[in-house]
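Numbering-wise (the UniProt record's numbering), the sequence shown opens with residue 1 and increments by one. See below for the structure under consideration.
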Amino acid sequence: MNLNGYIEALLESLLMISVSGILSILFGFFIAIVLVYTKEKGLKPKPSLYNTLDFFINVFRSFPFIILMFLLFPLSRFIVGTSIGTTAAIVPLTIAATPFAARIIEGSLDTVDPGIIEAAKSFGATNAQIIFKVMLIEALPNLVQGITNIFINIVGYSAMAGIIGGGGLGAVAINYGYYRWENTIMFIIVIMIFAVVQIIQSIGNQIFKLLLR
């Protein structure tokens, strides 16, 4: 295994992490908004809709990622034309991370002081304005921490995806390290994954500190 092989695997992992991270945050944000709107003490309570979404989020979060990836092979094949490779892995990565992202974003929005929301209502703010101009702004530091955790979570998912044909660092670890008893390769991959996590966490921490100033 040469340097180019490690670099290629790293780039594949970064592609999976970045694309699935962005997509899961976008989808998760939409779901979180619906949850915030419809919960019992939300802006527009609809318990049946909230409970339905809450149930499906819990169902998808309870699935072990590797099993979920196997189940989603047909969907990956339908969307990208194949069930193996880096591009194909983005589909299950996104679907697996979206419920987690939705819950994280919902939790961040729930940290906003209800008094601030009531004050916005008293000034005649619409529900959309309360969400986008009040709650999002107030919850931004917590959202940054949550989004950081989402990306770190996807790093772990992407490594598991590599074990069953997803490419990236996980694929190198299993194919060149584990199957060939190359402990050095395994160690290098672990260090690289650790470095990716540390960089993501450091970026998140810096943005969080800037928002608190």
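Here a beta-carbon is modelled for each residue, glycine too, at the ideal position from N, C-alpha and C.
At a Cβ-Cβ threshold of 9 Å, I154 and L93 count as neighbours.
Contact between A139 and S158 is absent: CB atoms are separated by about 27 Å, not below the 8 Å threshold.
The DSSP-derived three-state label of K133 is helix. In summary, V172 is buried, with 16 or more beta-carbon neighbours lying within 10 Å of its beta-carbon over all protein chains present. Of the residues assessed, V59 falls on the exposed side of the cut-off, its CB having fewer than 16 other CB atoms within 10 angstroms. Classified as exposed, K44 has fewer than 16 neighbouring CB atoms from the shown chains inside 10 Å of its CB.
Only residues of its own chain outside the window of five on either side were considered, and among them T86, A89, I90, L93, I154, S158, A161, G166, G167, G168 have a CB closer than 8 Å to the CB of M16, listed in chain order. In the displayed model, D110 falls within a helix according to three-state DSSP. Counting every other CB atom within 10 Å of its CB across the protein chains shown gives N142 a total of 16 or more, marking it as buried.
Judged by their CB atoms, L71 and F78 are not nearer to each other than the 9 Å cut-off. Within the same chain, P141 come within 8 Å of L212 by CB-CB distance, once the 5 residues on both sides are set aside. Contact check for I189 against G177 passes: the beta carbons are separated by less than 9 Å. Measuring C-alpha to C-alpha distances from E106 to each of L53, K209, I22 identifies L53 as the nearest.
Leaving aside the five residues that flank E182 on each side, the residues in its chain whose CB is nearer than 7 Å to its CB run, in chain order, Y176.
Where Y6 is concerned, the enclosing alpha helix (DSSP H) starts and stops at 3-38.
Under the three-state reduction of DSSP output, F123 falls in the coil class, being neither helix nor strand.
Put simply, the backbone Cα of Q206 is about 10 Å away from that of I200. If you ignore the 5 residues before and after T82, its C-beta comes within less than 8 Å of the C-beta of S76, A88, all in its own chain and listed in chain order.
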